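Novice: In our numbering, the protein residues as written are 50 to 248. Supplied in structure tokens, the structure appears directly below.
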């Protein structure tokens, strides 16, 4: 059941593109940006990277060479963790990469869950939603542990990216379904407005 009416996106069938995607990975030196030439959406390539065992981290910062543990709350906003955060979902990191936070601190409310053959999402931004170009980093998964009940994983150790993928607002499939919210508005209220499709 999908009581909160999260937006559903089926997982793509990337089997026809595996050779092309693998060639892009193999042609990219450690830490470099992929020269993305495939003719399909970039989040399909990100989905392929997850299938190859990588985890993903999205950021407005396009030049990160190493991720160091930093203090933040987990996906449930309960446990404070000093770690590096990543996901095993292909679309969630694009939200973090393209949600415009260039002007300073800005609230984010979001959720991702996998159900059957697809994923479900809620995306919201404080104020009027706006988006910028960003970067999604593919990280080796060996030092990461899962956050229970979430698609978020955390490494307590520093991590260097295997490669990075430049993304633009057009690469975020749910950009037009992202809603705004006021500072101080509760997560529950935002979730209800999202379920009722009230922007």
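Where a beta carbon is used, it is the ideal one built from N, C-alpha and C, also for glycine. All values reported here derive from a predicted model rather than from experimental measurement.
#1: My parser needs the alpha helix (DSSP H) runs of 4 or more residues fully inside the stretch 68–125; what are they?
#2: Is it buried or exposed, residue 86, if we count other Cβ atoms within 10 angstroms and call 16 or more buried?
#3: Three-state secondary structure (DSSP) at residue 128?
#4: Whole angstroms is fine: what's the gap from residue 56's alpha carbon to residue 247's?
#5: DSSP beta-bridge partners for residue 204?
#6: What residue does the alpha helix (DSSP H) around residue 243 start on, and which one ends it?
#7: In terms of alpha-carbon separation, which member of 148, 173, 165 lies closest to residue 110?
#8: Which ranges does the beta strand (DSSP E) cover as unbroken runs of at least 3 residues, wholly within the stretch 136–193, from first to last along the chain?
#9: As a quick exercise: from 122, 139, 221, 158, pick the residue whose alpha carbon is nearest that of residue 131.
#10: From the DSSP output, read off the bridge partner residues of residue 229.
#11: Restricting to Cα atoms, I'd like to know which of 139, 125, 112, 106 is closest to residue 223.
#12: Counting Cβ pairs, one atom from each stretch, are 3 or more of them under 8 Å apart for the stretch 206–217 and the stretch 176–193?
#13: From residue 230 to residue 150, what distance separates their C-alpha atoms?
#14: With distances taken between CB atoms, is the gap from residue 232 to residue 175 smaller than 8 Å?
Specialist: On the basis of the supplied data:
#1: 91–100
#2: exposed
#3: coil
#4: 14 Å
#5: For residue 204, the pairing in a beta bridge is given by DSSP as 133, 193.
#6: 236–244
#7: 148
#8: Taken in chain order, the complete beta strand (DSSP E) segments of 3 or more residues contained in the stretch 136–193 are 157–164, 167–175, 183–188.
#9: 122
#10: 174, per the DSSP bridge assignment.
#11: 139
#12: In this structure the stretch 206–217 touches the stretch 176–193; the number of beta carbon pairs closer than 8 Å is three or more.
#13: In this structure, the CA atom of residue 230 is about 15 Å from the CA atom of residue 150.
#14: yes
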